[in-house]
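Colleague: These protein sequences, in sequence, are chains Z and L.
Numbering-wise (the working numbering), the first sequence opens with residue 1 and increments by one.
Numbering-wise (the working numbering), the second sequence opens with residue 1001 and increments by one.
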Amino acid sequence: MRFVDEFRQPELISKTAEEIRRLAGTKRHYRMMEVCGGHTHAIYRFGLKDILPENIELIHGPGCPVCVLPMGRIDDGLAIAQEPNVIFAAFGDMMRVPGTRGSPLEHKARGMDVRIVYSPSDALKLARLNPGKHVMFFAIGFETTAPSTALTMMRARAEGIRNFSVFCNHVTIIPAIRAILDSPDMRLDAFIGPGHVSTVIGCRPYEWVARNERKPIVVSGFEPLDMLQSIVMLLRQLQAGEAKVENQYKRVVPWEGNRAALQAMAEVFQLRPYFEWRGLGFISQSALRINDKYSEFDAEQRFEVPGIRVTDPKAAQCGEVLKGVLKPHQCKLFGRECTPEHPIGALMVSTEGSCAAYHSYEHRKAAMVSLSSIA
Amino acid sequence: MSAPASPPAASVPIRFRDPQIEMAHGAGGKASRKLVEGLFAPLLFGAAPGPLGDAAHVNINGTTVAITTDSFVVKPLSFPGGSIGELAVNGTVNDLAVSGAKAEALVVTFVLEAGLPTPVLEAEVRAMAKAAQDAGVRIAAGDTKVVEHGKADQMYVTTTGIGRLIHGVTIDPCSVRVGDKILLSGPIGDHGITILLARGELDLEADLRSDTRCVFPLIEALVKAAGPGIRWMRDPTRGGAATSLNELARDCGLGMVLFEDQIPVRDTVRGACELLGLDPLHIANEGQFLAVVSPEYADAAINALCLAPGGSEAQVIGEVREQPAGTVLVTTLYGGSRIVDMLVGDPLPRIC
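So this is what it looks like as structure tokens:
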């Protein structure tokens, strides 16, 4: 299969892994954060830890949009959908994320009209097909998905569709990286930069990471060879004492980003003064709201929003895991009270959540007596 | 679902604690298993039902027959490559086949929604008749119920089948040994992805057909060539190959190690799975089966399958190892490996 198999070639992977081992040596320990949840998923799915030397430690970052959403926002969205004739539309990722009284799927089982959509424009299509109902799209995601939400609202306005709104939870990646770097308990050597977010924002917004924080950052693709090559690039920078932004994912990510996508976002959104992130707390200018020009599509303005704030269960350490301070299995609830079937935190739900990835792909492997006989 | 016969016991603990039934309880993965083992089995089969196979063996006056049942609630009713009527026949015939039995007779129950157009029903009944004829099984009896409009989704079909045991094969997860080979009859995921796309909710198009078919001729060929070496068989429907193999791993306490590059998956299915963030090992099949065969019979088994009509893509996809006990592990050519768990809930497409 094109664009997949080329990046999973065993010989090239072995060669690149060999290069990593050579560069990493044995003397020094490297801590690299993969910011994006897609990378976290890929690391587990492709078993990259089996390939990497032990002194390269990958720390999972906060780039899983479902995971960083505080439970109160889910409760708010579901509260709106309790209104008569409202259809709650969201991406598949959201469906199992627990609110205080259950996930969207559980609400669906109790009779709420909950639909899975693959893109915001599918939600708009639902609105066209159901003129007697109101379709509320529960929007999540970083800059990766925000442009398509923006374009959908622009289209809704152009078509004069009135039974459609967006409950906007879009967040932005740069403030999250800044929050990680400001966190006193983090000691990171380098960043594997998010791939899909960067298709929109480009590579420039990371320059301060290299310049001010002196941390190398390589924007990376999601196939095994992409990620291994990015690690090679980071190791080379570290050994040369350099810190710069590099783009490994050139086949997808333009250095300057996607101007049309950024324009669509600028047309529809404005920065919120602050927004609550699970585990990271309130971060200023870290999220998007719908601007006044498009307020007719803003579910937060059209409906009464309870503004629910829920603290995470005390024992759950989602925040520490999100910041990379704890590994998933170091949380007290991991695999006991919190499992993919009965998740307490969203990190256990999303395919990009580090706990879910670790639980499904890794944790029993870690407990095994010996892996050497298997590979 | 089936289990050895034993009288219901009044004091069996009910371990099923979920407050309400969710869609996941019917998706064939972990939640389904919890419902069966935690509520149905203790109340209906008595204590500890043991490994649950695809069909039960029932002894009547010295003759053992296999019996099983399956309900079909697929949406849409017809899809590229098949329809609910055909599935309803093949599904039950296949459950019997992988239990080492040849389906002899089926009984069928229709639950119909008032307002269902007769031509739709007729087309499905014709599809059933044809599938039954192709599989060489008689439809012996039936029942019909009609519910109010809106209380069911067009039509549901339940088929119950009774089968004659094939000589020379015993299916028992506990007979699986370290070193046994894991065989797969052909490419996985065709059915599940076809249905997902046929629902039209994803706006994706692909040239793909459901794999629904009767697998008995393949099983017959396999038994003829390697009967004494066959330890276990299963048709990996809902929950996919990963769920079937996880159940086996748990039942026999051994590790199922799969070689990713050996698992046949069509490019269209792989592509759809990559896009949607799904694992082909979790996707439903309706015309494939898994078999565990002792190593000395593995070559004969594969040769027989490959020569049989519709078996040319059969593959050895892995082997049974001592470790990781009770677990399914997928290894890649480049030395990575990952655990593949049972499906949790329904497969849901992801965004980014």
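Glycine included, C-beta positions come from ideal geometry on N, C-alpha and C.
Could you give the C-beta distance for T1160 of chain L and L1106 of chain L, rounded to a whole number, given that I count them as a contact under 8 angstroms?
Modeller: Sure, about 7 angstroms apart at Cβ, within 8 angstroms.
Colleague: Counting contacts by CB-CB distance shorter than 8 angstroms, is D122 of chain Z in contact with chain L?
Modeller: Yes - at least one Cβ of chain L is within 8 angstroms of the one on D122 of chain Z.
Colleague: With a threshold of 8 angstroms, are at least 3 pairs of Cβ atoms found where one atom belongs to the stretch 308-321 of chain Z and the other to the stretch 164-174 of chain Z?
Modeller: Short answer: they don't touch.
Colleague: Looking at the unbroken beta strand (DSSP E) that takes in G951 of chain L, where does it start and where does it end?
Modeller: Because chain L is modelled from 1001 through 1352, residue 951 of chain L falls outside the range shown and cannot be assessed.
Colleague: So, is C1273 of chain L buried or exposed, given that buried needs 16 or more other C-beta atoms within 10 angstroms?
Modeller: Buried, by the Cβ-count rule.
Colleague: To which residues does DSSP link G63 of chain Z through a beta bridge?
Modeller: Paired residue(s): Z:C36.
Colleague: Mind checking S372 of chain Z: buried by the 16 CB within 10 Å criterion, or exposed?
Modeller: The predicted position of S372 of chain Z is uncertain, since its pLDDT is 39 and thus under 50; a value taken from the coordinates is nonetheless stated next. Exposed, since its Cβ has fewer than 16 Cβ neighbours within 10 Å.
Colleague: In whole angstroms, give me the CA-to-CA distance for R272 of chain Z and S284 of chain Z.
Modeller: When rounded, the distance between both Cα atoms is 8 angstroms.
Colleague: Quick one: does K1181 of chain L have its CB under 8 angstroms from some CB of chain Z?
Modeller: So, not an interface residue.
Colleague: In the structure shown, what three-state DSSP assignment does M1233 of chain L receive?
Modeller: It is a strand residue.
Colleague: Spell out whether any CB of chain L is found under 8 angstroms from the CB atom of D50 of chain Z.
Modeller: Taking Cβ atoms only, chain L reaches closer than 8 angstroms to D50 of chain Z, which makes this a yes.
Colleague: If we require 4 or more residues per run, which alpha helix (DSSP H) segments fall completely within the stretch 157-232 of chain Z?
Modeller: Whole alpha helix (DSSP H) segments, 4+ residues: 173-182, 196-201, 207-211.
Colleague: Are the C-beta atoms of D1341 of chain L and some chain Z residue less than 8 angstroms apart?
Modeller: For D1341 of chain L, the answer is yes, since a Cβ of chain Z falls inside 8 angstroms of its Cβ.
Colleague: When the distance is taken between beta carbons, is A1301 of chain L closer than 8 angstroms to G1229 of chain L?
Modeller: Yes, the pair counts as a contact, with Cβ atoms nearer than the cut-off.
Colleague: Given a cut-off of 8 angstroms on the beta-carbon distance, is the pair E1260 of chain L and V1330 of chain L in contact?
Modeller: Contact: yes.
Colleague: Run through DSSP, which three-state label would F91 of chain Z get?
Modeller: Reduced to three states, the DSSP call for F91 of chain Z is coil.
Colleague: Evaluate H1149 of chain L with the Cβ neighbour count: other Cβ atoms within 10 Å of its Cβ, from every protein chain shown; 16 or more gives buried, anything less gives exposed.
Modeller: So H1149 of chain L ends up on the exposed side.
Colleague: Compare the beta carbon distance of L1248 of chain L and Q1154 of chain L with 8 angstroms and say whether it is the shorter of the two.
Modeller: Result no, Cβ atoms of L1248 of chain L and Q1154 of chain L do not sit closer than 8 angstroms.
Colleague: Please return the same chain residues whose Cβ sits closer than 8 angstroms to the Cβ of G202 of chain Z, not counting the five positions on each side in sequence.
Modeller: The residues are V253, P254, W255, E256, G257, N258.
Colleague: Taking contact to mean at least 3 C-beta pairs separated by less than 8 angstroms, is the stretch 1267-1282 of chain L in contact with the stretch 1201-1208 of chain L?
Modeller: Yes, the stretch 1267-1282 of chain L touches the stretch 1201-1208 of chain L.
Colleague: Three-state secondary structure (DSSP) at S1312 of chain L?
Modeller: Residue state, collapsed to three classes: coil.
Colleague: Would a check of beta-carbon distances place A1031 of chain L closer than 8 angstroms to chain Z?
Modeller: Judged by the 8 angstroms Cβ criterion, A1031 of chain L is in contact with chain Z.
Colleague: Along the beta strand (DSSP E) that carries K1102 of chain L, what are the first and last residues, could you check?
Modeller: Per DSSP, K1102 of chain L belongs to the beta strand (DSSP E) from 1101-1113.
Colleague: Looking only at DSSP bridge pairs, what is R255 of chain Z linked to?
Modeller: Checking the sequence shown, residue 255 of chain Z turns out to be Trp, not Arg. None; W255 of chain Z has no bridge partner.
Colleague: Along the chain, which unbroken stretches of the alpha helix (DSSP H) at least 4 residues long are found entirely within the stretch 278-362 of chain Z?
Modeller: Listed in chain order, the complete alpha helix (DSSP H) runs (minimum 4 residues) inside the stretch 278-362 of chain Z are 299-302, 318-323, 354-361.
Colleague: I need the boundaries of the beta strand (DSSP E) containing V114 of chain Z, first residue and last residue.
Modeller: Element bounds for V114 of chain Z: 114-116.
Colleague: According to a CB-to-CB cut-off of less than 9 angstroms, which residues of the stretch 108-121 of chain Z neighbour chain L?
Modeller: Residues K108, A109, R110, R115, I116, V117, Y118, S119, S121.
Colleague: Please tell me whether Y249 of chain Z has its Cβ less than 8 angstroms away from any Cβ of chain L.
Modeller: For Y249 of chain Z, the answer is no, since every Cβ of chain L falls outside 8 angstroms of its Cβ.
Colleague: Note down, in chain order, each residue of its chain lying with its Cβ closer than 6 angstroms to the Cβ of S360 of chain Z, except the 5 sequence neighbours on either side.
Modeller: Contacts found: none.
Colleague: Compute the beta-carbon to beta-carbon distance between Y118 of chain Z and L1202 of chain L, rounded to the nearest angstrom, for a pair I have assumed lies under 8 angstroms.
Modeller: With a Cβ gap of about 5 angstroms, Y118 of chain Z and L1202 of chain L count as contacting.
Colleague: Buried or exposed for F1072 of chain L, please, with buried defined as at least 16 other CB atoms from any protein chain shown within 10 angstroms of its CB.
Modeller: F1072 of chain L comes out buried.
Colleague: List the endpoints of the continuous alpha helix (DSSP H) containing L23 of chain Z.
Modeller: L23 of chain Z -> alpha helix (DSSP H) spans 10-24.
Colleague: Hey, how far is the Cα of E143 of chain Z from the Cα of D75 of chain Z?
Modeller: Between E143 of chain Z and D75 of chain Z, the C-alpha separation is close to 23 angstroms.
Colleague: To the nearest angstrom, report how far apart A375 of chain Z and V1146 of chain L are at their CA atoms.
Modeller: Unreliable positioning characterises A375 of chain Z in this predicted model, as indicated by a pLDDT of 35, which lies under 50. The coordinate reading is nonetheless provided below. C-alpha separation (whole angstroms): 56 angstroms.
Colleague: If the cut is a Cβ gap below 8 angstroms, which residues of chain Z does D1267 of chain L touch?
Modeller: Result: M1.
Colleague: Does any C-beta atom of chain Z lie closer than 8 angstroms to the C-beta of V1344 of chain L?
Modeller: Closer than 8 angstroms: yes.
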